[in-house]
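First the structure, in the form of structure tokens, and then the observations on it.
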Ligand SMILES: CC(C)(COP(=O)(O)OP(=O)(O)OC[C@H]1O[C@@H](n2cnc3c(N)ncnc32)[C@H](O)[C@@H]1OP(=O)(O)O)[C@@H](O)C(=O)NCCC(=O)NCCS
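Residue numbers (UniProt numbering): 1 to 166.
Next up, the structure:
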């Protein structure tokens with residue numbers, strides 16, 4: 001966005017990274033986070049997803065489809081540039097009463113077991129819910145599937161994305 005003095009102002013951002021499918025990243029523990037990332041990098045049997053870690057649009061710019069554009073653009077970017085190695089499952093923890101926004105973008109509520117549900121409410125807030133969207137599966141580009149070597153796994157894990165809107 002351009003202000004009265006012709007300066008560009010950041011009005012929104014999104015941050016995604018790979019994580020373990022059906023789990024949410026631990027909060028306030030670098031050790032657990034590092035451990036989880038190490039497993040993603042080194043254990044080919046780990047099931048992966050694209051985790052939408054953060055999305056924010058400045059209050060003044062809300063209601064103009066910027067949130068929707070950031071999410072769609074991030075997912076298209078990952079899908080188109082990541083090849084067959086990018087997970088087709090996208091998950092997030094919805095906070096601050098944003099569940100209806102995510103539903104409008106095609107995400108669905110996940111039922112969690114009691115332990116996970118309590119962890120979520122205790123650590124992310126009482127209205128926190130876990131949500132999932134499945135992207136269309138792309139045809140495999142070649143036979144070297146992403147689970148076949150650690151090198152490929154490392155490339156996938158590094159496919160984190162930060163987008164900003166000005
Ligand atoms: C949630 C947020 C990113 C939405 O951004 P936005 O640019 O205002 O949303 P959009 O204009 O793209 O809205 C897309 C759709 O979601 C709906 N929507 C947006 N915010 C909503 C809300 N709080 N509750 C219900 N629906 C909402 C819009 O009506 C629209 O639906 P429609 O096309 O059917 O009319 C923004 O309100 C925000 O930054 N909130 C604070 C941070 C936050 O909660 N982030 C998400 C944490 S998981």
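Even for Gly, the Cβ is constructed at its ideal location relative to N, Cα and C.
Original post:
Are the Cβ atoms of residue 165 and residue 12 separated by less than 7 Å?
Top reply: Mapped onto the chain shown, residue 165 falls at position 165. Mapped onto the chain shown, residue 12 falls at position 12. Their beta carbons are under 7 Å apart, which means residue 165 touches residue 12 by this criterion.
Original post:
Which same chain residues, not among the five before or five after residue 124, have their C-beta less than 6 Å away from its C-beta?
Top reply: Along the chain shown, one-based indexing puts residue 124 at 124. Answer for residue 124: 93 and 95, listed in chain order.
Subject >> Best match in 60, 30 and 50 for proximity to residue 18 [C-alpha to C-alpha] >> reply: In the chain shown, residue 18 corresponds to position 18, counting from 1. Comparing Cα positions, the closest option is 50.
Original post:
Just the Cα atoms here: how many angstroms apart are residue 122 and residue 58?
Top reply: Looking up residue 122 in the chain shown gives position 122. Looking up residue 58 in the chain shown gives position 58. Approximately 26 Å between the Cα atoms of the pair.
Original post:
How many Å lie between residue 89 and residue 33 at the Cα?
Top reply: Numbered from its first residue, the chain shown carries residue 89 at position 89. Numbered from its first residue, the chain shown carries residue 33 at position 33. Roughly 20 Å separates the two Cα atoms.
Original post:
Mind checking whether the beta-carbon of residue 95 lies closer than 6 Å to any heavy atom of ligand 1?
Top reply: The residue labelled residue 95 in the question sits at position 95 within the chain shown. True, at least one ligand heavy atom lies under 6 Å from that Cβ.
Original post:
When every heavy atom of ligand 1 is checked, does at least one fall within less than 6 Å of the C-beta of residue 200?
Top reply: Residue 200 is absent from the structure shown; the chain starts at 1 and stops at 166.
Original post:
Of the choices 131, 67, 136 and 162, whose alpha-carbon is the least far from that of residue 24?
Top reply: On the chain shown, position 24 is the one that residue 24 refers to. For the residues 131, 67, 136 and 162, the minimum Cα distance to residue 24 belongs to 131.
Subject >> Rounded straight-line distance, which links the Cα of residue 86 to that of residue 39 >> reply: Counting from one through the chain shown, the residue named residue 39 turns up at place 39. Counting from one through the chain shown, the residue named residue 86 turns up at place 86. Computed Cα separation, rounded: 17 Å.
Original post:
CB of residue 63 to nearest heavy atom of ligand 1: below 6 Å?
Top reply: Start at 1 with the first residue of the chain shown, and residue 63 comes out as number 63. Checking every heavy atom of ligand 1 against the Cβ of residue 63, one is found closer than 6 Å.
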